[in-house]
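First comes the structure, then the notes that go with it.
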Amino acid sequence: MEIAKYLSVLVASMVKFIGGPVTGVAVGLSWVETWLFTAAGMMASVVLVTYAGAALRTLWNRYRPSAPRRFTARTRLAVRVWKRSGMVGIAFLTPLLLTPIGGTILAVSFRVSRSLIFSYMLISALFWGVVFTLIVYQLPDLFNRFVSSETAK
(Lines of atoms letter the chains of each structure in order from A and count residues from 1; the text may use other names and numbers.)
(Lines give C-alpha, C1' and ligand atoms only; values in the text may rest on other atoms or scores of the structure.)
Protein backbone atom coordinates (compact mmCIF):
# COMPACT_ATOMS: atom_id res chain seq x y z
CA MET A 1 0.00 0.00 0.00
CA GLU A 2 1.63 3.23 -1.20
CA ILE A 3 0.04 5.48 1.42
CA ALA A 4 1.70 3.53 4.22
CA LYS A 5 5.08 3.91 2.51
CA TYR A 6 4.61 7.66 2.15
CA LEU A 7 3.44 8.03 5.74
CA SER A 8 6.41 6.07 7.05
CA VAL A 9 8.84 8.43 5.29
CA LEU A 10 6.86 11.44 6.50
CA VAL A 11 6.77 10.31 10.14
CA ALA A 12 10.43 9.26 10.16
CA SER A 13 11.55 12.66 8.89
CA MET A 14 9.31 14.46 11.40
CA VAL A 15 11.37 12.99 14.21
CA LYS A 16 14.85 12.82 12.65
CA PHE A 17 15.48 14.27 9.20
CA ILE A 18 17.84 11.54 7.96
CA GLY A 19 15.17 8.99 8.85
CA GLY A 20 13.14 10.03 5.81
CA PRO A 21 15.68 9.09 3.14
CA VAL A 22 16.68 5.91 4.96
CA THR A 23 13.05 4.85 5.24
CA GLY A 24 12.40 5.76 1.60
CA VAL A 25 15.16 3.42 0.47
CA ALA A 26 13.92 0.69 2.80
CA VAL A 27 10.33 0.80 1.49
CA GLY A 28 11.36 1.12 -2.17
CA LEU A 29 10.23 4.62 -3.10
CA SER A 30 11.84 6.61 -5.89
CA TRP A 31 14.30 9.29 -4.81
CA VAL A 32 11.91 12.08 -5.85
CA GLU A 33 9.08 10.63 -3.75
CA THR A 34 11.47 10.18 -0.85
CA TRP A 35 12.76 13.72 -1.18
CA LEU A 36 9.29 15.27 -1.28
CA PHE A 37 7.95 13.29 1.65
CA THR A 38 11.10 13.89 3.67
CA ALA A 39 10.69 17.65 3.19
CA ALA A 40 6.96 17.37 3.92
CA GLY A 41 7.71 15.50 7.13
CA MET A 42 10.08 18.17 8.33
CA MET A 43 7.57 20.87 7.48
CA ALA A 44 4.77 19.01 9.26
CA SER A 45 6.94 18.95 12.35
CA VAL A 46 7.79 22.65 11.94
CA VAL A 47 4.13 23.64 11.60
CA LEU A 48 3.09 21.50 14.55
CA VAL A 49 5.80 22.81 16.87
CA THR A 50 5.43 26.43 15.72
CA TYR A 51 1.72 26.55 16.47
CA ALA A 52 2.05 24.56 19.66
CA GLY A 53 5.18 26.46 20.73
CA ALA A 54 3.47 29.34 22.52
CA ALA A 55 1.18 27.00 24.45
CA LEU A 56 4.07 24.70 25.34
CA ARG A 57 6.18 27.64 26.52
CA THR A 58 3.33 28.86 28.77
CA LEU A 59 2.84 25.38 30.18
CA TRP A 60 6.58 24.94 30.70
CA ASN A 61 6.90 28.25 32.54
CA ARG A 62 3.93 27.44 34.76
CA TYR A 63 5.33 24.14 36.04
CA ARG A 64 9.06 24.77 35.84
CA PRO A 65 10.74 25.74 39.09
CA SER A 66 12.16 29.24 39.07
CA ALA A 67 15.76 28.07 39.43
CA PRO A 68 18.42 30.18 37.76
CA ARG A 69 19.11 29.22 34.19
CA ARG A 70 22.37 27.47 33.43
CA PHE A 71 24.31 27.95 30.27
CA THR A 72 25.44 24.64 28.88
CA ALA A 73 27.62 24.00 25.87
CA ARG A 74 24.47 23.36 23.84
CA THR A 75 22.83 26.66 24.81
CA ARG A 76 26.04 28.56 24.16
CA LEU A 77 26.23 27.02 20.70
CA ALA A 78 22.61 27.95 20.01
CA VAL A 79 23.20 31.56 21.06
CA ARG A 80 26.39 31.72 19.00
CA VAL A 81 24.59 30.44 15.88
CA TRP A 82 21.73 32.87 16.48
CA LYS A 83 24.06 35.87 16.89
CA ARG A 84 26.16 35.01 13.85
CA SER A 85 23.53 34.04 11.32
CA GLY A 86 20.05 34.29 12.83
CA MET A 87 17.21 32.24 11.44
CA VAL A 88 19.23 31.34 8.34
CA GLY A 89 21.81 29.54 10.48
CA ILE A 90 19.20 27.75 12.55
CA ALA A 91 17.36 26.57 9.43
CA PHE A 92 20.62 25.50 7.76
CA LEU A 93 21.75 23.46 10.77
CA THR A 94 18.38 21.93 11.65
CA PRO A 95 18.65 18.85 9.38
CA LEU A 96 22.37 18.46 10.04
CA LEU A 97 22.76 18.85 13.79
CA LEU A 98 19.33 19.43 15.21
CA THR A 99 16.08 17.59 14.68
CA PRO A 100 13.18 19.33 12.94
CA ILE A 101 11.56 19.59 16.37
CA GLY A 102 14.73 20.93 18.02
CA GLY A 103 15.43 23.52 15.34
CA THR A 104 11.87 24.77 15.45
CA ILE A 105 11.85 24.97 19.25
CA LEU A 106 15.06 26.99 19.03
CA ALA A 107 13.53 29.38 16.48
CA VAL A 108 10.36 29.75 18.54
CA SER A 109 12.40 30.39 21.68
CA PHE A 110 14.16 33.27 19.91
CA ARG A 111 10.68 34.59 19.01
CA VAL A 112 11.11 34.45 15.24
CA SER A 113 7.92 35.17 13.31
CA ARG A 114 6.03 32.17 11.99
CA SER A 115 6.34 33.30 8.38
CA LEU A 116 10.14 33.47 8.66
CA ILE A 117 10.30 30.09 10.38
CA PHE A 118 8.15 28.49 7.67
CA SER A 119 10.00 30.04 4.74
CA TYR A 120 13.55 29.35 5.94
CA MET A 121 12.74 25.86 7.16
CA LEU A 122 11.05 25.04 3.83
CA ILE A 123 14.13 26.13 1.88
CA SER A 124 16.34 24.13 4.23
CA ALA A 125 14.10 21.05 4.03
CA LEU A 126 14.05 21.10 0.23
CA PHE A 127 17.81 21.65 -0.07
CA TRP A 128 18.94 19.13 2.54
CA GLY A 129 16.24 16.72 1.44
CA VAL A 130 17.82 16.51 -2.01
CA VAL A 131 21.32 16.22 -0.58
CA PHE A 132 20.52 13.52 1.99
CA THR A 133 18.23 11.59 -0.33
CA LEU A 134 20.76 11.44 -3.14
CA ILE A 135 23.53 10.46 -0.72
CA VAL A 136 21.45 7.66 0.80
CA TYR A 137 20.32 6.43 -2.62
CA GLN A 138 23.88 6.48 -3.97
CA LEU A 139 25.54 4.89 -0.92
CA PRO A 140 25.15 1.27 -2.07
CA ASP A 141 26.75 2.10 -5.43
CA LEU A 142 29.56 4.05 -3.79
CA PHE A 143 30.16 1.24 -1.32
CA ASN A 144 30.20 -1.40 -4.09
CA ARG A 145 32.64 0.69 -6.15
CA PHE A 146 34.91 1.14 -3.14
CA VAL A 147 34.86 -2.54 -2.26
CA SER A 148 35.46 -3.64 -5.86
CA SER A 149 38.36 -1.19 -6.26
CA GLU A 150 39.92 -2.43 -3.01
CA THR A 151 39.65 -6.10 -4.04
CA ALA A 152 41.15 -5.36 -7.45
CA LYS A 153 44.40 -4.16 -5.85
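Numbering-wise, our numbering puts 1202 at position 107 of the sequence shown, and it's gapless, one number per residue.
We treat Cβ as the ideally placed atom computed from N, Cα and C, and that holds for glycine.
Residue i and residue j look like a contact to me (Cβ under 8 Å); what is the Cβ gap, rounded to whole Å?
i       : j       : result
Gly1119 : Thr1129 : 3 Å
Ala1186 : Tyr1215 : 4 Å
Thr1228 : Pro1116 : 4 Å
Ala1107 : Gly1136 : 7 Å
Leu1217 : Met1138 : 6 Å
Leu1124 : Lys1100 : 6 Å
Could you work out which residue in the options is closest to residue i when comparing CA atoms only?
i       : options                               : result
Ala1202 : Leu1221, Ser1108, Leu1191 and Gly1181 : Gly1181
Tyr1232 : Leu1193, Ala1121, Lys1100 and Ser1108 : Ala1121
Thr1194 : Gly1224, Lys1111, Leu1105 and Glu1097 : Lys1111
Val1297 : Val1127, Met1109 and Gly1184          : Since the first residue of the chain shown is 1096 and the last is 1248, residue 1297 is not available in this structure.
Gly1153 : Trp1223, Leu1217 and Ser1204          : One point to set straight first is that residue 1153 is Thr, not Gly, in the sequence displayed. Closest option to Thr1153, Cα to Cα, is Ser1204.
Met1109 : Arg1165, Ala1220 and Phe1166          : Ala1220
Val1183 : Ile1098, Lys1100, Leu1124 and Val1207 : Val1207
Trp1155 : Pro1235, Ile1200 and Leu1102          : Ile1200
Gly1250 : Arg1169, Phe1222 and Trp1223          : Within the shown structure, residues of the chain are numbered from 1096 to 1248, placing residue 1250 beyond reach of any answer.
Thr1133 : Leu1151, Ala1150 and Val1104          : Val1104
Along the chain, where does the alpha helix (DSSP H) that runs through residue i open and close?
i       : result
Ile1196 : Pro1195 to Ser1204
Arg1159 : That residue, Arg1159, is in no alpha helix (DSSP H); it is neither H nor E in DSSP.
Lys1178 : Ala1168 to Leu1188
Ser1108 : Glu1097 to Val1110
Val1122 : Gly1114 to Val1122
Any beta carbon from chain C within less than 7 Å of residue i's own beta carbon?
i       : result
Val1104 : Going by chain labels, chain C is absent from the structure shown, which holds only one protein chain.
Can residue i be considered in contact with the ligand GTP, in the sense that its beta carbon sits closer than 6 Å to one or more heavy atoms?
i       : result
Met1182 : Ligands are entirely absent from the displayed structure, and the ligand GTP is therefore not among its contents.
Stretch-stretch touch, CB-based, cutoff 8 Å, three pairs: the region 1127 to 1143 with the region 1167 to 1177: no
Three-pair Cβ contact test at 8 Å for the region 1210 to 1225 versus the region 1149 to 1159: no
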